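Participant: In this note's numbering, the protein residues as written are -13 to 410. Let me begin by handing over the structure; questions about it come next.
Put into structure tokens, the structure is as follows:
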């Protein structure tokens, strides 16, 4: 039994029409897993979570409508006087008496139905206007206890004890897509894509136009620097020109010439001043046998050093072998390189010596000889007299230099797949 203070608070809320906000209405719903989800109803609906399976259950809000024959509510309808009379009557009768009246009425109704169907005796049950239930069995009449009007109204129809659980419906995928990709959103997305593509196209066109201007300007500057034999200015101009040609995706004779000149200029600027013969001689012992440990040390010291070679190249299983009669302290020195550019030059210019530069990759002892392995990616053919002179090759000390430079210049101007691969 609730306390008097709680009864008065509940009566006041029902009288003033604030029952939905001040009176706590509990709920108990059965989950699919068999667990009971309990709590207090809110002013608006909410989703309760099952403690066992963590499923969401839709919970109706507090009933804001007056009591009906099937659904009870804390809200009273009618005027202030009507609500006051109902509250006073409930306080006088008591909520427990009202519930017992309802239970007794339901039991008497179930008994009358069982008697009529099982024993063949006639039994009638009716509810009078004053709320009195009478039964007849075997010619005798018995009068049940008198019910209040509210209890009689509740007995008239069965009360729904377990209301069905209402779950939040999950819309189908088509409905979700329709609500997500609305016509307005699709229109805005199309506008954004169009603006982005237009901006990209404008930027690309400006970049290509700037690359064309740079190409023309820097090639003129490179020609001027080549005529004035200014290698630093030539290197800077050729670097910008090659970058512009790469952006323009040019693959013609002018672009190949610019790339070749840039490689030659870098090789001349990075040419090593180390005495190669003296270092190789230090790898040979007094008995005329090459020392592998000293050769490895010399290889580490020579790695990345650039040297110029003028010789014929012979194809082999390892790439290309230099045809050089080089002997240091009675020990033979072999040189090999694996380069697509030089391989194409050997194929295009058979039985012709090549003038090229490359950096040393390693120095090892092989078959009682010193073997130098050159880096193929650093190789570059010489095509101008300026670069040849800076490397120490002149017409006086190199017979046929003009013919070699002319052949190599024509070879680089032609379109070869190997040279295109090296440029990438």
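Even glycine gets a Cβ: it sits at the ideal position worked out from N, Cα and C. As the structure is a computational prediction, the values presented were derived from the model and not from experiment.
With a 10 Å radius around its C-beta and 16 neighbouring C-beta atoms as the bar for buried, classify residue 170 as buried or exposed.
Facilitator: exposed
Participant: For residue 251, collect the residues of the same chain with a Cβ closer than 8 Å to its Cβ; drop the 5 residues on either side in sequence, then sort them by chain order.
Facilitator: 217, 220, 221, 224 and 373
Participant: According to DSSP, is residue 323 part of a helix, a strand, or is it coil?
Facilitator: strand
Participant: Could you give the first and the last residue of the continuous alpha helix (DSSP H) run that contains residue 343?
Facilitator: Residue 343 -> not in any alpha helix (DSSP H); beta strand (DSSP E) instead, spanning 340 to 352.
Participant: When the distance is taken between beta carbons, is residue 284 closer than 9 Å to residue 269?
Facilitator: Taking 9 Å as the cut-off, the Cβ atoms of residue 269 and residue 284 count as close.
Participant: Which residues bound the beta strand (DSSP E) around residue 13?
Facilitator: 12 to 16
Participant: Closer than 8 Å by C-beta to residue 365: which residues in its own chain qualify, once you throw out the five before and the five after it? Chain order, please.
Facilitator: 323, 325, 327, 328, 342, 343 and 344
Participant: Pick helix, strand or coil for residue 34, following the three-state DSSP scheme.
Facilitator: strand
Participant: Can the beta-carbon of residue 371 be found less than 9 Å from the beta-carbon of residue 387?
Facilitator: yes
Participant: Check each candidate in 398, 163, 201 and 13 and name the one with the smallest Cα separation from residue 28.
Facilitator: 13
Participant: Helix, strand or coil, according to DSSP, for residue 301 in the structure here?
Facilitator: strand
Participant: Between which two residues does the alpha helix (DSSP H) carrying residue 275 extend?
Facilitator: Taken as a continuous stretch (DSSP letters only), residue 275 belongs to no alpha helix (DSSP H), as it is neither H nor E.
Participant: Which residues does DSSP pair with residue 42 in a beta bridge?
Facilitator: Here residue 42 is bridged, per DSSP, to 35.
Participant: Since residue 310 is in the beta strand (DSSP E), which residue starts that stretch and which ends it?
Facilitator: Taken as a continuous stretch (DSSP letters only), residue 310 belongs to no beta strand (DSSP E), as it is neither H nor E.
Participant: What does a CB cutoff of less than 7 Å around residue 73 pick up in its chain, not counting 5 residues either side in sequence?
Facilitator: -3, 0 and 1
Participant: Would you say the stretch 256 to 276 touches the stretch 233 to 240, given that touching needs at least three Cβ pairs under 8 Å?
Facilitator: They do not touch, by the three-pair rule.
Participant: Leaving aside the five residues before and after residue -9 along the sequence, list all residues of the same chain whose C-beta is less than 7 Å from its C-beta, in chain order.
Facilitator: none
Participant: Note down, in chain order, each residue of its chain lying with its Cβ closer than 8 Å to the Cβ of residue 262, except the 5 sequence neighbours on either side.
Facilitator: 288 and 293
Participant: Around the Cβ of residue 359, are there at least 16 other Cβ atoms within 10 angstroms (buried) or fewer (exposed)?
Facilitator: Buried, because 16 or more other Cβ atoms sit within 10 Å of the Cβ of residue 359.
Participant: Take the Cβ of residue 397 as the centre, count every other Cβ of all protein chains shown within 10 Å, and call the residue buried at 16 or more, exposed below.
Facilitator: buried
Participant: Are residue 244 and residue 208 close, meaning C-beta to C-beta below 9 Å?
Facilitator: yes
Participant: Where does residue 23 sit, in a helix, a strand or coil, going by DSSP?
Facilitator: strand
Participant: Work out the CA separation of residue 15 and residue 39 for me, nearest whole Å.
Facilitator: Taking the straight line from one Cα to the other gives about 14 Å.
Participant: Among the residues of its own chain, which have a CB less than 6 Å from the CB of residue 300, if the five just before and after it don't count?
Facilitator: 307 and 309.
Participant: Can you check whether the CB of residue 68 is closer than 9 Å to the CB of residue 77?
Facilitator: no
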